[in-house]
Amino acid sequence: MASSMSEAARDGGETSTSAAPLHVDNANRSVWLLKVPNFVAKKWRGECDRAAKSSEGHSVELGKVRITNSSTEQTPGIFLDLAASGLDNMPQAIHLREQTDSITPTVVFADLQGRLSAEGRVKRKFDLVMNSSGDLDVLDPAYRQLNRDRSAKAAAKTRTMQVLSEAPSSQMRPGTMQRVSFGNKETTRKRFEKGQFERRARMEKDDLENLLFRLFERQSRWNFIQLQKETDQPAVWLKEVLGEVAVLNKRGAHANLWELKKEYRAAGGSDDVEMQDA
Numbered sequence: 405m406a407s408s409m410s411e412a413a414r415d416g417g418e419t420s421t422s423a424a425p426l427h428v429d430n431a432n433r434s435v436w437l438l439k440v441p442n443f444v445a446k447k448w449r450g451e452c453d454r455a456a457k458s459s460e461g462h463s464v465e466l467g468k469v470r471i472t473n474s475s476t477e478q479t480p481g482i483f484l485d486l487a488a489s490g491l492d493n494m495p496q497a498i499h500l501r502e503q504t505d506s507i508t509p510t511v512v513f514a515d516l517q518g519r520l521s522a523e524g525r526v527k528r529k530f531d532l533v534m535n536s537s538g539d540l541d542v543l544d545p546a547y548r549q550l551n552r553d554r555s556a557k558a559a560a561k562t563r564t565m566q567v568l569s570e571a572p573s574s575q576m577r578p579g580t581m582q583r584v585s586f587g588n589k590e591t592t593r594k595r596f597e598k599g600q601f602e603r604r605a606r607m608e609k610d611d612l613e614n615l616l617f618r619l620f621e622r623q624s625r626w627n628f629i630q631l632q633k634e635t636d637q638p639a640v641w642l643k644e645v646l647g648e649v650a651v652l653n654k655r656g657a658h659a660n661l662w663e664l665k666k667e668y669r670a671a672g673g674s675d676d677v678e679m680q681d682a
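When we follow the numbering used here, the leftmost residue of the sequence shown carries the number 405, and every step to the right adds one.
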């Protein structure tokens, strides 16, 4: 490739700019893939961005992986300890539950200040439980309070909608006679315009997820019509977000009712975060 490009240059031909090299020193390193809630990922991303912009260039400790062995359990317990990170409004610990399904071959890449590198291959994937014991029924106290605060914030009205009344009558306005002659058409047009003002305002995804979690805390199962009435959201948008955090029972005693997925009974939303094997 290099020789052919050199020959093209000597012949006066155009050559394309060579791509940056890919560093593969760490390509065979084992990496853990962990899903964390959006609010945790945002905290981490903010800390990493501040560290990258710092003139000192110091690294940031986001948490510590803790592995415990118990004589009563067949597999060791794996936890992500967030208390040591020093970040405010964060749960103390996250229990990591390893996925048993086969892992799709995945390579982790990083672009650090223009240096593209392969950082390893995903060997293990984890779901999370937001408490220190791994029991879905017992939430971490800090996370419970945080979830309540976020739900209350999402429930607060941030947008108001008002249907504008018709402007005062003006009989001398040009076109008045036409409105009288074609009253049916004018009424239809006004009804259409009024409908435009009454469209449901679409909430941000995070706010809608928080509102759904609050509703499922109040009642474990809902039908779709009830949820649409409670959230006042467009049906297509509500179904899209609802499908990410809840499942629809298609048969049995609770047929046609939505309920939270097990993995989301303790966490709202998620981002992928890569962790290097120790």
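The beta-carbon is built from N, C-alpha and C at its ideal position, and this holds for glycine as well.
CB contact flag (residue i, residue j, <8 Å)
i      : j      : result
Val649 : Glu613 : yes
Trp390 : Leu646 : No information on residue 390 is available, as it lies outside the stretch 405 to 682 that the chain covers here.
Lys529 : Gln503 : yes
Val444 : Ala455 : no
Lys527 : Val440 : no
Contacting residues, own chain, Cβ-Cβ under 8 Å from residue i (five flanking each side not counted)
i      : result
His427 : Arg519, Leu520, Ser521 and Ala522
Asp511 : According to the sequence displayed, residue 511 carries Val and not Asp. Excluding residues within five positions, the ones whose Cβ falls inside 8 Å are Ala431, Ala522, Gly524, Arg525 and Val526.
Closest residue to residue i among the options (Cα-Cα distance)
i      : options                           : result
Glu621 : Ala657, Leu664, Leu486 and Glu644 : Leu664
Ile482 : Val533, Glu465 and Val435         : Val533
Asp505 : Asp531, Ala455 and Glu644         : Asp531
Asp636 : Asp611, Gln549, Met494 and Pro441 : Asp611
Met494 : Leu438, Trp448 and Gln517         : Trp448
Arg552 : Gly450, Val512 and Phe617         : Phe617
Asp453 : Ala639, Ala605 and Leu516         : Leu516
Gln496 : Pro509, Glu451, Gln549 and Thr508 : Gln549
Arg606 : Asn627, Phe513, Arg554 and Glu644 : Glu644
Arg554 : Gly450, Leu615 and Arg604         : Leu615
Supposed contact pair residue j and residue i - C-beta distance, whole angstroms, cut 8 Å
i      : j      : result
Asp485 : Arg470 : 5 Å
Glu634 : Leu619 : 6 Å
Asn430 : Gly524 : 6 Å
Residue i - partner residues in DSSP beta bridges
i      : result
Glu502 : Phe530
Trp448 : According to DSSP, which records beta bridges pairwise, Trp448 is partnered with nothing at all.
Leu516 : Arg519
Arg606 : Arg606 pairs with nothing; no bridge assigned.
Ser434 : Arg525
Ile482 : Ile471 and Leu500
His658 : BP columns for His658 are empty, so no partner.
Trp626 : Trp662
Val640 : Val640 pairs with nothing; no bridge assigned.
Val651 : Glu663
Val511 : Arg525
Leu426 : Leu520
Neighbourhood of residue i by C-beta, 6 Å cutoff - its chain only, sequence neighbours within 5 removed
i      : result
Thr592 : Its pLDDT being 47, under 50, Thr592 is placed unreliably by the model, and the measurement read from it follows with that caveat. Answer for Thr592: no residue qualifies.
Ala424 : Leu520
Asn473 : Pro480
Arg433 : Gly524
Pro509 : none
Chain-order list of residues whose beta-carbon lies under 7 Å from that of residue i (same chain, five-residue window excluded)
i      : result
Gln632 : Ala639 and Leu642
Glu667 : Asp531
Ser624 : Glu663
Ala514 : Ser521 and Glu523
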